[in-house]
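For reference, the structure is listed below as structure tokens.
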């Protein structure tokens, strides 16, 4: 559903990133990815230098300011078959919301350390580089070009 953290952050990434498309070699074995068999929660999403993302006239660095509280405990699991499943967490945005739902697909190129995520609620894929990965944290980084220059978007995922 549209009221979920993954969907929202994918929309932010899609808005902030220029993605040229998915290459044929991006369908390498997803089991080679750093995600393992775990759920991941977005703990931080920043943009540097700052950009006015909430249109209040003040530059922002924290992109999570736009995420509703009911979506902040949502987490995603990246299955080896290329699907992404969202777990809505304890705080629900809608009482009729399913506790878990398939929300998109993903692919990973281990040699390039690049992940491409496609959310069913958005039109454009999201491409990011894996800056670092451990058993408990993954850092994804992308570049965004705006009218004021180049911005670095950094998303930190924590294992749930």
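Numbering (our numbering), first residue to last: 972 to 1131. Glycine is no exception: its CB is placed at the ideal position from the N, C-alpha and C atoms. Please read all numbers here as calculations on a predicted model, not as lab measurements.
Judged by their CB atoms, residue 1018 and residue 1124 are nearer to each other than the 7 Å cut-off. Judged by DSSP in its simplified three-state form, residue 1026 adopts coil rather than helix or strand. An exposed status is given to residue 1091, since fewer than 16 other beta-carbon atoms sit within 10 Å of its beta-carbon. Taking residue 1076 as the centre and dropping the five residues before and after it, the same chain places the C-beta of 1053, 1054, 1055 and 1089 closer than 7 Å to its C-beta, in chain order. For residue 1092, DSSP records no beta bridge to any residue. Its Cα nearest to that of residue 1051, the residue 1005 stands out among 1085, 1005 and 1027. Here DSSP, grouped into helix, strand and coil, assigns residue 1111 to strand.
Counting of Cβ neighbours within 10 angstroms places residue 1099 among the buried residues, the total reaching 16 or more. With distances taken between CA atoms, residue 1039 lies nearest to 1065 out of 1023, 1065, 1028 and 1031. Cβ atoms of residue 1010 and residue 1047 come within 8 Å of each other, at about 7 Å.
Sorting 1022, 1129, 1113 and 1130 by C-alpha distance to the C-alpha of residue 1101 places 1113 at the top. Only residues of its own chain outside the window of five on either side were considered, and among them 1056, 1057, 1058 and 1059 have a CB closer than 8 Å to the CB of residue 1071, listed in chain order. Residue environment: residue 1078 is assigned as buried (16 or more neighbouring CB atoms within 10 Å of its CB, all protein chains considered). Measuring C-alpha to C-alpha distances from residue 1127 to each of 1108, 1034 and 1116 identifies 1108 as the nearest.
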